[in-house]
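Remarks on the structure that follows.
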Amino acid sequence: MTKCLSQYALLILITTCPTLFCSSVSAFERRPAPLFPPDKIFLLEEPRDWQDKEEILDRLRISPGDKIADIGAGSGYFTIPLASRVGDKGMVFAEEIQIEMVNYITKKVDNLGLNNVRVVFGKVEDPSLLDDFFNLVFLTNTYHELEKPLLMLENIRNDLKYNGKLAIIDWDPEKKSPFGPPLDLRVSKETVIKEVERIGFDLIERHRFMPYHYFLVFRKIP
Ligand SMILES: C[S@@+](CC[C@H](N)C(=O)[O-])C[C@H]1O[C@@H](n2cnc3c(N)ncnc32)[C@H](O)[C@@H]1O
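Residues -27 to -1, 1 to 195 (mature numbering (1 follows the signal peptide of the UniProt record, and there is no 0)) are what the sequence shown spells out, left to right.
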């Protein structure tokens, strides 16, 4: 009878607290938010007065000739202004793990006749880019969807050049917003900083002008 009860208690624990038992969710791994649905891609194209892209790119001090990776590029909302800032001598890699997004950005880039954008179909744990190539890796509204953040960060670190920067902009769970992912699916800036620093980066800048987001910039530690 006691054994039967304890087995029952264990079953209740497993079904109600799966994170306690699921080995894939360690202290540094969490349940990611669902991927942004491709049939809602039009929402990613709407102008965002709450996330001023020119102000963001100004603060990143992007220069002609820079090599930039836009990871989780979605509809390419940031890819196109990034491409215009880096110019003909620069290069932007727009990377995605959803084929619908890859196809959408490819069409957009072709229609605009841009020669300085490469569209990449990556993997959940690896953006599949080029080692030691980028000045800047840029993730906007994407970090909370990463299924394997630590593996992604290790690969991003390999892709960055000496002194390369990683910019992460994401929905702040401390700032309620009329849209965006539910608060419990967002990742706190403290968690992001802990995860990124653990992989070999220093936090070098925090920008505080967005109403619903944090904006963190890290530098790769050599
Ligand atoms: C909310 S959208 C943001 C798109 C774009 N950055 C923007 O701000 O408009 C997040 C995107 O990240 C992509 N994503 C999620 N996990 C990813 C991963 N591990 N590698 C690359 N892209 C990922 C999703 O497919 C989705 O299109």
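Even for Gly, the Cβ is constructed at its ideal location relative to N, Cα and C. Owing to the predicted nature of the structure, the values given are computational and were not obtained by experimental measurement.
Label residue i either buried or exposed according to how many other C-beta atoms from any shown protein chain fall within 10 Å of its C-beta, with 16 as the threshold for buried.
i	result
Phe182	exposed
Val(-3)	A caution first: Val(-3) carries a pLDDT of 44, below 50, which makes its placement in the model unreliable, though a value can still be read off. Per the 10 Å Cβ criterion, exposed.
Glu18	exposed
Asp22	exposed
Asp43	buried
Lys149	exposed
Asn88	exposed
Lys167	exposed
Phe111	buried
How about residue i: is its Cβ closer than 8 angstroms to a heavy atom in ligand 1?
i	result
Met183	no
Phe66	no
Pro5	yes
The beta strand (DSSP E) spanning residue i covers which residue range?
i	result
Ala67	Met64 to Glu69
Thr113	Phe107 to Thr113
Arg58	Taken as a continuous stretch (DSSP letters only), Arg58 belongs to no beta strand (DSSP E), being part of the alpha helix (DSSP H) at Thr52 to Val59.
In angstroms, rounded to a whole number, what distance separates the CA positions of residue i and residue j?
i	j	result
Asp99	Leu55	22 angstroms
Pro122	Asp39	25 angstroms
Ile141	Glu178	11 angstroms
Leu158	Pro5	7 angstroms
Leu33	Lys96	26 angstroms
Glu170	Lys162	12 angstroms
Which residues mark the beginning and the end of the alpha helix (DSSP H) in which residue i is found?
i	result
Phe15	Ile14 to Leu17
Arg179	Unbroken run through Arg179 is the beta strand (DSSP E), Phe174 to His180; no alpha helix (DSSP H).
Leu124	Pro122 to Asp132
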